[in-house]
Amino acid sequence: MTLHQVSVDYGRTRVLHGVDLAVSPGELIALLGPSGSGKTTVIRTVAGFIVPSEGVIRLHGSDLDGRAVYKRQIGMVFQSYALFPHMSVRDNIAFPLRIQRKSANHTRARVDELIDLVQLNGHADKRPSGLSGGQQQRVALARALAMDPELLLLDEPLSNLDANLRKQVGEEIRRLQLQTGTTTIMVTHDRQEAFGMADRIAVLQGGRIEQLDTPSAIYRRPSSLFMATFAGDGNLFPVTQANSTGGHTVVETSVGAFESIMQIEDPRTVLVRPEDVQIVERFAGIESRVRSTFYYGATLEVELEIGESTVHATTAGTRADQISAGDVVGIRVAPQDVILLPGEPS
């Protein structure tokens, strides 16, 4: 599935600006971004609910322009699930097959197969009101897969679930997607969902794709200052001086000097993720004072001060009894963990 220079206008307002995206067979791509970034507009345009103002959308090489929604061989799970409340689980899943006038034998066999796939055996005759949120989500997913679609679209599939269920159901969706090999585009505003489920992530901002890459590259190699802060927590230090030598770059900042294996033209900002800040003995790193600590069981978050600057570190929770407010310690960051960026922090 490919989008080439797809733009969408609402009246005189352009909400998508020349979006290019290629999704490989069997791949799950997450569209991630803040509210109003254009991610939902992208999948609604792919589904056929919105007509693009410019550009071309192709599925297996065929232009989708002018093709009706029901003829696109695309399955979609809506944010609200959109289950029919008066129908049983079995009838909800069978609905698209009956619309397409599939035989009764084919429909029965396919529905049984999907009920087994989404592990809803024993719930086939229940109505949606008798199911948990996670079970309703699985019914919606099974219905979207009923026609064996060439592409599956998931619009905020976990947003209606409580925090305790999101991780579990997200893992179930990913398991099913891998098991069926269905090419999938998922919309989410939650970066942890995107990181945990996707093969690649397209981050949108202002109707444009800021970066398209693997989850680890989005986090470890952000393409811009916006990406650095959007992808996760981080310490940002303005660069006052930079020197490259021997394949490494040494940068001076307000908290001290850092060495990086990265080499970019005119680095303006250093990014260090909190988990990459090593807390060591006072004289083994940049001297700093512990301002406060926050214990979360598996991890200990430490707020440090160096002069007028604040540094955030995340270390193992087992060190909770070893690090206390007021301690003078050292901090150190390995060269591979010092990320250089071209923009200046605000």
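So the sequence shown is numbered by full-length UniProt numbering: it starts at 1 and just counts up by one. The beta-carbon is built from N, C-alpha and C at its ideal position, and this holds for glycine as well.
From the DSSP secondary-structure annotation, give me the bridge partner or partners of residue i.
i           : result
M76         : L153
G256        : T253
F242        : Residue identity differs from the one stated: residue 242 is Ala in this sequence, not Phe. A242 is bridged to V251.
V290        : L304
Q100        : Its beta-bridge partners do not exist; DSSP assigns none.
M186        : A30 and L154
V8          : L16
residue 362 : Since the displayed the chain opens at 1 and closes at 346, residue 362 lies outside it and no answer follows.
E54         : S7
R200        : I29
L341        : T269
L120        : In the DSSP output, where bridge partners are listed per residue, L120 has none listed.
Decide if residue i is buried, meaning its Cβ has at least 16 other Cβ atoms within 10 Å, or exposed.
i           : result
V277        : buried
V280        : exposed
N105        : exposed
G26         : exposed
residue 347 : Because the chain here runs from 1 to 346, residue 347 falls outside it and cannot be looked at.
G170        : buried
S62         : exposed
K317        : A small correction: the amino acid at residue 317 is Gly; Lys does not occupy that position in the sequence shown. Result: exposed.
Y296        : exposed
F237        : buried
Q119        : exposed
P85         : exposed
A242        : buried
I99         : exposed
T253        : buried
V302        : buried
P335        : exposed
P96         : buried
Where do the ends of the beta strand (DSSP E) carrying residue i lie?
i    : result
H248 : H248 to T253
S309 : S309 to A316
V329 : V328 to R332
I261 : I261 -> no beta strand (DSSP E), and no H or E assigned at all.
Q336 : Premise fails: Q336 is in no beta strand (DSSP E) and is neither H nor E.
Residue i lies in the alpha helix (DSSP H); which residues open and close that run?
i    : result
R40  : In the sequence as displayed, the identity of residue 40 is Thr instead of Arg. That run of the alpha helix (DSSP H) goes K39 to A47.
D112 : A104 to L117
M227 : L225 to F230
E171 : A163 to T180
G61  : Counting along the chain, G61 falls outside any alpha helix (DSSP H), and DSSP gives it neither H nor E.
L141 : G133 to L145
I218 : P215 to R220
Which whole-angstrom value is the C-beta distance of residue i and residue j, which I expect to be below 8 Å?
i    : j    : result
M227 : L340 : Actually they do not touch by this definition, with Cβ atoms about 13 Å apart.
E156 : T188 : 6 Å
G38  : G207 : 4 Å
S324 : I306 : Not a contact, Cβ separation roughly 18 Å.
E150 : Q79  : Rounded, the Cβ-Cβ distance is 22 Å, inconsistent with contact.
L161 : Q137 : 7 Å
G330 : A284 : 5 Å
R166 : I93  : The Cβ separation is near 23 Å, so there is no contact.
T184 : R200 : Wrong, their Cβ atoms sit about 11 Å apart, outside the cutoff.
R191 : A146 : Their Cβ separation, rounded to whole angstroms, is 31 Å, which puts R191 and A146 out of contact at 8 Å.
S7   : H17  : 6 Å
V255 : S292 : Between S292 and V255 the Cβ distance is about 17 Å, and since that is not below 8 Å, they are no contact.
G234 : V290 : The Cβ separation is near 19 Å, so there is no contact.
L141 : V203 : 25 Å between Cβ atoms; not a contact.
G181 : T269 : The Cβ separation is near 41 Å, so there is no contact.
V338 : S260 : 4 Å
A313 : P274 : 5 Å
Requested in this report: Tell me, please, whether the stretch 29 to 40 touches the stretch 191 to 203 by the rule of three or more beta-carbon pairs shorter than 8 Å.
Outcome: A contact exists between the stretch 29 to 40 and the stretch 191 to 203.
Query - contact_flag[the stretch 45 to 53, the stretch 111 to 127] where n(CB pairs < 8 Å) is 3 or more - result: No, the stretch 45 to 53 does not touch the stretch 111 to 127.
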